[in-house]
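Asks: Numbering (the numbering used here), first residue to last: 1463 to 1761.
Next up is a structure, given as structure tokens.
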């Protein structure tokens, strides 16, 4: 039998099989080849995919629902689940184990789908409350209609107004050496400022979907929440918001190193040496490889 070998990783620079989607367009994922000099970095510390639970599949910082939140399908990946929170029911997820954000850089990212917004209200996304003293309450939230990143009376608010029934990628980046707070919406910086002080809160659980210690809940779906204890670059954030799937084949055939963990479906293919680490051997004329899901971006 003739062997059809395709070295997917066969160009002079770092190369991958990637799937991208464009802003405000719902697409069927299409195979393309993307060539980048630096491999995609996805070194997150905690990841809550919200697959009918609030389990952190990386670091074990598991959350638990308060007031019986539910999960809906599909989530942002086009299948699977997303956390559903109802403001009037005071629903949120709490992560009891203390995580320190003091004297360090960090990045928080998530997909949100607001189902109700009102100008003048606060809607918690991810928070940690220590005290009401300045720089002792970590607040990543929607303030009115814009994303806000605040340490309590020391923060920055985005310029773009959100609307309901639309998926958004929200990212909050703190660079400790420069004391810079940045808010990103759908991969692009929406606002940035230098904080008066670094975050100083020394206690409190992480809460998802509650603004501050028992108030200002959110009407929203929330999906794919991640925490990275480093300041991600603008390029990293753009990748996380627009790169649907990243298959380098260096961690197995099906593994997706991208932000959404969309597993691949191989048919009639095996691993083989590639130009950079591993590639795929398409040994049959009917061999193919595809991700099993699509992204509901901008819907």
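Think of the CB as a built atom: it goes at the ideal place given N, C-alpha and C, for glycine as much as any other residue.
Given the structure is predicted, the values throughout are model-derived calculations rather than measurements.
Is the beta carbon of residue 1537 sitting closer than 8 Å to the one on residue 1590?
Replies: No.
Asks: Is residue 1643 buried or exposed, if buried means 16 or more other CB atoms sit within 10 Å of its CB?
Replies: When all chains shown are included, residue 1643 counts as buried.
Asks: Distance, Cα to Cα, residue 1549 vs residue 1527?
Replies: When rounded, the distance between both Cα atoms is 14 Å.
Asks: Would you identify the three-state DSSP class for residue 1658, choosing helix, strand or coil?
Replies: Looking at residue 1658 - three-state DSSP - the assignment turns out to be coil, as it is neither helix nor strand.
Asks: Which value, in whole angstroms, describes the spacing of the CA atoms of residue 1566 and residue 1607?
Replies: Between residue 1566 and residue 1607, the C-alpha separation is close to 29 Å.
Asks: By DSSP's criteria, residue 1423 is part of a beta bridge. Which residues make up the other side?
Replies: Only positions 1463 to 1761 of the chain appear in this structure, which leaves residue 1423 out of reach.
Asks: Cα separation between residue 1670 and residue 1698?
Replies: Those two C-alpha atoms are separated by around 23 Å.
Asks: State the DSSP-derived secondary structure class of residue 1501, mapped to helix, strand or coil.
Replies: Its pLDDT being 34, under 50, residue 1501 is placed unreliably by the model, and nothing is read from it.
Asks: Grab the span of the alpha helix (DSSP H) containing residue 1566 for me, first residue to last.
Replies: Segment: none, residue 1566 is in no alpha helix (DSSP H) and carries neither H nor E.
Asks: Does DSSP classify residue 1488 as helix, strand or coil?
Replies: Only weak support is given to the placement of residue 1488: the predicted model assigns it a pLDDT of 33, under 50, and the value that follows is read from those uncertain coordinates. Coil at residue 1488, not helix or strand.
Asks: Flag this pair as yes or no: are the beta carbons of residue 1694 and residue 1618 separated by less than 8 Å?
Replies: Their beta carbons are not under 8 Å apart, which means residue 1694 does not touch residue 1618 by this criterion.
Asks: Could you please give the first and the last residue of the uninterrupted alpha helix (DSSP H) stretch that includes residue 1697?
Replies: That run of the alpha helix (DSSP H) goes 1696-1704.
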